[in-house]
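Residue numbers (my numbering): 5 to 338.
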Amino acid sequence: MDIILYLLHIIQQLYQQNCFLFKFICKYIPLKQWAFDDSHSPKYQKFEIDELPRMDNFKQDWDWKDLLSYYKQRYGKEIKPIFRRVECDIPEACTCPACNAPVLYLSWNDGKKKSQIRCKVCQTHFSPTKDNRFSKTTKLRCPHCSHILVPKKDRKHFILHKCVNDKCPYYLHNLKKVDKKDLKEDYCKNKYKLHYIYREFQIDFFKMDLNTLPKNASSLKFRKFDANVMSLCLTLHINLGLSLRKTRQALNDLYNISISHQQIANYCKTAAICIKPFVDNYDYKPGTVQTADETYIKIRGVKAYLWFIMDAVSRSILGYQVSDNRGVVLASLL
Numbered sequence: 005m006d007i008i009l010y011l012l013h014i015i016q017q018l019y020q021q022n023c024f025l026f027k028f029i030c031k032y033i034p035l036k037q038w039a040f041d042d043s044h045s046p047k048y049q050k051f052e053i054d055e056l057p058r059m060d061n062f063k064q065d066w067d068w069k070d071l072l073s074y075y076k077q078r079y080g081k082e083i084k085p086i087f088r089r090v091e092c093d094i095p096e097a098c099t100c101p102a103c104n105a106p107v108l109y110l111s112w113n114d115g116k117k118k119s120q121i122r123c124k125v126c127q128t129h130f131s132p133t134k135d136n137r138f139s140k141t142t143k144l145r146c147p148h149c150s151h152i153l154v155p156k157k158d159r160k161h162f163i164l165h166k167c168v169n170d171k172c173p174y175y176l177h178n179l180k181k182v183d184k185k186d187l188k189e190d191y192c193k194n195k196y197k198l199h200y201i202y203r204e205f206q207i208d209f210f211k212m213d214l215n216t217l218p219k220n221a222s223s224l225k226f227r228k229f230d231a232n233v234m235s236l237c238l239t240l241h242i243n244l245g246l247s248l249r250k251t252r253q254a255l256n257d258l259y260n261i262s263i264s265h266q267q268i269a270n271y272c273k274t275a276a277i278c279i280k281p282f283v284d285n286y287d288y289k290p291g292t293v294q295t296a297d298e299t300y301i302k303i304r305g306v307k308a309y310l311w312f313i314m315d316a317v318s319r320s321i322l323g324y325q326v327s328d329n330r331g332v333v334l335a336s337l338l
C-alpha cells in the first residue's frame, strides 16, 4: 500500500515539473522560428482553398403593379403614364429590369444621346442594351470585406474572381506574413497569394457518369477453377506485387495449378469491378484538412495521369481519377 502512495506522489511531482517546463517554454523561449513552417508560410498560401464567397440575389419579388397600389395607398396619389410631346421611340418590348414596368412609364434620361432610360415607377436608371448591370441576377462578394469580386481571368473551364480591395482584412493579414525583404523587390507580391480568389467553374458536373463500368467486365461464374484459386491469384498478384506471368509460375510450382496469365488478369479485373462501388460509396468520415496529388502511370505502354485525394489524418483515399491529360475537368472530379 505504501508503494502505491509513493508512486502516486512521484507522478504528481512529474506532472508539476511538466507544467513548469511548459510555462517556461511558452514564456521565455521564442517561437517565432515556427511561424513560417510549411503549414504557415506565405509561399504555401496558394495551395490553400478559401471559403465560399457571399452571393447577393438582385431578383425582386414585387413588380410595378405592386408599387402603383402602394403609392396610392401611402400617398393618396396615382402614378400616371408619361405625357409625351413627341412620339416615343423606345421599343415596345423594352421593360424596366427592376420592376418590369412597360414602355408607358419609361423615358430617355440623357436627352438626345439616348443611352440611358429612366423608370417613372421605381426611379431606376438602366441601359437599353442587354449587357447592363441587371443582366446578372447574382453578384459575388468577398466573405471578409463584402467587396464585389472582379473577374480577372477567363479560363477554359472556370472564371477567376479576385477581391481587389487593398483594405480587406484577409489581404492585410497575408501581407503581414510576407518577409519585408521580398516586398522591396519588383513585382514581389505576384509571388504570393495575398488577395481572396474564387474560381467559378463552368462545368456541369451532374452530366458526368462516375460509375461507368467497362464493357468487357466478366462475371463470377467459375467453370474450371473456384473462388479459392481466385483468392490465391489476388494474393500473389496484388499483395505480393508479382507480375501476371510470375503469379502463374508461382501457382504452378507451389500449388500445382495450371492457369494462364490472361485468366489471372480477368480475375483481377472482375474483383476490381466488384469492389469499386464499395470503395467509392464508403463513408470514410473525412476531416477538414485534405491533400491531393498526382502521379504518372503507364497502361499498356501509354502514359496516363493518376489523381488522388486523401485525408490528412487517417491517410484514407477519398477519391481517385485516371486521365490521359492534366485537364481541370478530370482533376475537379475528385
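The C-beta atom is built at its ideal place from N, Cα and C for all residues, glycine as well.
- The region 271 to 283 makes contact with the region 232 to 242; the number of CB pairs closer than 8 Å reaches 3 or more.
- When DSSP reads this structure, Lys157 sits in a beta bridge with Leu164.
- The distance from the Cβ of Pro57 to that of Cys146 is about 6 Å, consistent with a contact at the 8 Å cut-off.
- Apart from sequence neighbours up to five positions away, the residues of its chain that approach Asn169 with a beta-carbon distance below 6 Å are Cys149, His151, ordered along the chain.
- In the displayed model, Thr292 falls within coil according to three-state DSSP, outside both helix and strand.
- Rounded to the nearest angstrom, the gap between the Cα atoms of Gly323 and Asp287 is 12 Å.
- Pairing Val154 with His161 gives a Cβ-Cβ distance that is not under 8 Å.
- CA-to-CA, the gap between Leu246 and Asn178 works out to about 50 Å.
- Secondary structure remark: continuous alpha helix (DSSP H) runs of at least 4 residues inside the region 258 to 338, in chain order: 265 to 285, 332 to 336.
- Taking Lys47 as reference, the option from Phe24, Lys181, Asp284 with the minimal CA-CA separation is Lys181.
- Using a Cβ distance threshold of 8 Å, Ser327 and Tyr309 count as a contacting pair.
- Taking C-beta separations shorter than 6 Å and ignoring five residues to either side along the sequence, the partners of His265 in its chain run Leu248, Arg249, Arg252, following chain order.
- Counting every other CB atom within 10 Å of its CB across the protein chains shown gives Phe51 a total below 16, marking it as exposed.
- Going by DSSP, Trp66 is part of no beta strand (DSSP E) at all; its letter is neither H nor E.
- When DSSP states are grouped into helix, strand and coil, Phe130 belongs to the strand group.
- A distance below 8 Å between beta-carbons, with the five flanking residues on each side excluded, links Pro173 to the following residues of its chain, in chain order: His148, Cys149.
- Spatial neighbours of Glu96 in its own chain (CB-CB distance under 6 Å, excluding positions within 5 residues in sequence) are listed in chain order as Val107.
- No Cβ-Cβ contact shorter than 8 Å links Trp311 with Gln294.
- Sorting Glu298, Gln17, Lys302 by C-alpha distance to the C-alpha of Ile313 places Glu298 at the top.
- Scanning Ala316, Ser318, Lys307, Val317 for the CA closest to the CA of Asn329 turns up Lys307.
- The shortest C-alpha to C-alpha distance from Cys237 to any of Leu255, Lys81, Val90 is the one to Leu255.
- In the structure shown, Ser150 adopts coil according to DSSP, grouped into three states.
- Per DSSP, Lys118 lies in no alpha helix (DSSP H) segment and is marked neither H nor E.
- Counting along the chain, Tyr175 sits inside the alpha helix (DSSP H) bounded by residues 173 to 181.
- Excluding its 5 nearest sequence neighbours in each direction, Ile14 has no C-beta neighbour in its own chain below 8 Å.
- Here the alpha carbons of Lys143 and Trp68 stand approximately 23 Å from one another.
- Looking at Ala102, Thr133, Ala231, the one whose alpha-carbon comes closest to that of Gln267 is Ala231.
- Sorting Leu71, Val90, Tyr202 by C-alpha distance to the C-alpha of Lys81 places Leu71 at the top.
- Per DSSP, Ser235 is one residue of the alpha helix (DSSP H) stretching across 231 to 238.
- Linking Met59 to Lys156 through their CA atoms gives a straight-line distance of about 18 Å.
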